[in-house]
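Working notes for the structure below.
2 protein chains.
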Amino acid sequence: MTLNTPKADTTNVTTESIANALSQAIHEHRLAPGTKLGEDELSDIYRVSRTMVRAALQSLSHQQIVEIKRNRGAFVAQPSLTEAHEVFEARELLEPRTARSAALHATPDDIVLLNDHITQEHAALAAGDRGRALYLSGQFHLEIARIAKQQTIADMINVLIARSSLIIALYWRRESALCESQAHHALINAIADNNGTLAEELMQSHLVDLHSALNLHELPPVKQNLKAMLSGDPTA
Amino acid sequence: MTLNTPKADTTNVTTESIANALSQAIHEHRLAPGTKLGEDELSDIYRVSRTMVRAALQSLSHQQIVEIKRNRGAFVAQPSLTEAHEVFEARELLEPRTARSAALHATPDDIVLLNDHITQEHAALAAGDRGRALYLSGQFHLEIARIAKQQTIADMINVLIARSSLIIALYWRRESALCESQAHHALINAIADNNGTLAEELMQSHLVDLHSALNLHELPPVKQNLKAMLSGDPTA
DNA sequence: GCGCACAATATTGTATACAATAAACTTCTT
DNA sequence: AAGAAGTTTATTGTATACAATATTGTGCGC
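Chains as they are written, first to last, in the numbering used here: chain V, 78 to 313; chain F, 78 to 313.
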């Protein structure tokens with residue numbers, strides 16, 4: 078298990094900080110889907126009792142990035158392909174309108190911040206930190222949701238983005254796990270121009286594009302190969 | 078505190094059953110917004126230790142129908158007016174498409190079940206059980222989400238419906254806290270006819286109508302009266 | 001060598017104990 | 001009488017202990 082090493086000062090560890098650390102590790106693909114998250118192990122790592130670990134895990138379970146199986150333990154979630162499609166479908170329903178609203182609400186500071194995000198993402202890539210770049214790519218979408226000034230929908234998008242990270246880990250076959258930089262730049266420009274209609278359209282096509290990277294997996298070549306191997310090899 | 082009386086058999090009490098019982102009590106307005114939910118009190122009622130009560134309360138907190146204030150306790154949530162608008166706005170974004178999808182997926186059994194819901198709702202009203210009628214009115218929307226066969230979005234709608242119940246308790250001024258029966262009947266007919274476009278439009282206007290019952294509160298007549306009273310009465 | 005039964009161990013679920021914090025109550029000062 | 005300060009009590013936060021369940025390891029029979 079590869080996590081953020083807890084800081085030497087453990088007096089301020091809260092269930093929230095534990096949950097956030099685990100969430101980030103999952104988001105950056107440092108914790109793979111299916112990974113067992115043992116309570117004792119985590120309480121050793123974070124130097125707190127199991128009580129706080131359990132609360133953190135429950136919180137992550139409600140975010141649907143951890144699955145708690147009664148009497149068996151907690152595991153990094155493994156969304157099914159159906160769930161994968163549902164998550165992106167939900168994003169296609171929510172995020173274009175959010176982008177439209179963001180275009181109507183954005184301040185110059187917001188635009189600076191969005192551009193900073195892309196800069197940091199490129200810096201992380203250049204430094205070979207793909208997990209960090211992936212995390213920032215997702216955060217870009219969350220920033221747009223924040224700018225849109227609709228907290229209820231932003232909360233929903235937050236959960237969907239987190240789950241998207243797991244889905245990418247499981248079902249993604251493109252070279253890059255990141256959103257295309259051009260799509261994000263175009264979104265920033267539309268938002269900066271306060272062009273709600275364009276922002277909405279760009280986000281829609283961006284998400285349809287992301288979703289299409291999953292569709293390719295409904296007939297995976299690997300699955301066909303296994304089937305051929307099993308029917309041809311009696312040692313299976 | 079008025080809750081479901083726990084059954085004499087307490088061997089099967091789980092954190093989930095506690096959370097569900099509390100959720101239903103909140104939904105039916107038996108627990109009003111702002112109500113203190115003390116851990117010791119609940120553990121006495123449900124005859125379990127505080128551990129399980131805390132887990133149940135945390136679960137409800139993630140559903141945003143309970144607010145946990147550190148070192149102060151748990152309270153039935155009191156959504157702000159802003160949150161109220163956001164919740165209905167989110168529903169306006171999600172539920173029309175869900176209704177459309179439900180119209181494409183519905184089976185005859187689904188239609189029977191939806192009609193049963195309205196029947197039960199009327200029976201509850203006739204029996205004077207307004208809380209139950211309110212709960213069933215909300216469940217009607219959840220059933221449509223279930224029929225739509227998109228669990229991710231249905232989960233979101235579930236949370237929004239629960240929060241709607243609190244919002245109705247706080248900000249509703251119509252005679253009836255229920256959705257209008259005609260709107261629900263029309264929805265059933267559109268869904269039964271597999272008319273996705275009509276179902277979507279009907280749900281849209283239904284939710285806009287519900288939302289407008291909140292809008293009335295942004296310039297409430299009561300507030301104007303209070304202002305007039307305060308400026309004319311020096312005893313304030 | 002494989003499969004099954006049993007024992008030992010590990011882990012999760014829950015209760016209880018202790019610590020920390022807030023709320024309520026009492027006393028003192030002005 | 002009102003407000004502030006101090007004390008007591010109640011409640012929440014967290015750790016620890018015990019119970020329940022699952023997993024792993026070992027021995028035996030075929």
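Positions of the beta carbon are idealized from the N, C-alpha and C atoms, including for glycine.
Extent of the continuous beta strand (DSSP E) to which residue i belongs
i	result
G150 of chain F	G150 to V153
I145 of chain V	V143 to K146
Interface flag, residue i vs chain V, CB-CB below 9 angstroms
i	result
S136 of chain F	yes
A132 of chain F	yes
L99 of chain F	no
L284 of chain F	no
L237 of chain F	yes
H139 of chain F	yes
Contacts that residue i makes with chain V (C-beta to C-beta distance below 9 angstroms)
i	result
A167 of chain F	L171, Q227, T229, I230 and M233
H288 of chain F	Under the 9 angstroms cutoff, chain V gives no residues; its nearest Cβ is about 13 angstroms from H288 of chain F.
Partners in chain F for residue i, counting only beta-carbon separations shorter than 8 angstroms
i	result
H104 of chain V	None at all; the shortest Cβ gap to chain F is about 18 angstroms.
H218 of chain V	What H218 of chain V touches in chain F: nothing, since even the nearest Cβ is about 16 angstroms away.
Minimum Cβ-Cβ distance from residue i to chain F less than 9 angstroms
i	result
V164 of chain V	yes
L275 of chain V	no
E295 of chain V	Model confidence at E295 of chain V stands at a pLDDT of 48, short of 50, so the residue's coordinates are unreliable; what they give is reported in the following sentence. It does not: the Cβ of E295 of chain V has no partner Cβ on chain F nearer than 9 angstroms.
Residue i (DSSP reduced to helix, strand or coil)
i	result
I195 of chain V	helix
V164 of chain F	helix
L114 of chain V	strand
S289 of chain F	helix
V299 of chain F	Note that V299 of chain F has pLDDT 35, beneath the 50 cutoff, so the model's placement of it is unreliable and no number is given.
L284 of chain V	helix
G273 of chain V	helix
S157 of chain F	coil
L119 of chain V	helix
L202 of chain V	helix
T184 of chain V	coil
R177 of chain V	helix
L170 of chain F	helix
L279 of chain V	helix
L108 of chain F	coil
N89 of chain F	coil
Interface partners of residue i on chain F, CB under 9 angstroms
i	result
A246 of chain V	Under the 9 angstroms cutoff, chain F gives no residues; its nearest Cβ is about 18 angstroms from A246 of chain V.
Contact set between residue i and chain V, taken where Cβ atoms lie within less than 8 angstroms
i	result
A222 of chain F	Those do not exist, as A222 of chain F stays about 12 angstroms from chain V at its closest Cβ, beyond 8 angstroms.
Boundaries of the alpha helix (DSSP H) in which residue i is found, first to last residue
i	result
S136 of chain F	R127 to H139
D232 of chain F	Q228 to Y248
N97 of chain V	T92 to H104
M258 of chain F	According to the sequence as given, residue 258 of chain F is Ser; it is not Met. Here the alpha helix (DSSP H) through S258 of chain F covers S258 to A269.
R207 of chain V	R207 to I224
Closer than 8 angstroms: residue i CB and nearest the ligand SAM heavy atom
i	result
S94 of chain V	As for the ligand SAM, it is missing from this structure, which has no ligand bound.
* For the segment 170-198 of chain F, enumerate the residues whose C-beta is nearer than 7 angstroms to any C-beta of chain V, in chain order. => L170, L171 and R174
* **Under 7 angstroms (Cβ pairs) to chain V, residues found in the segment 149-162 of chain F** => E160
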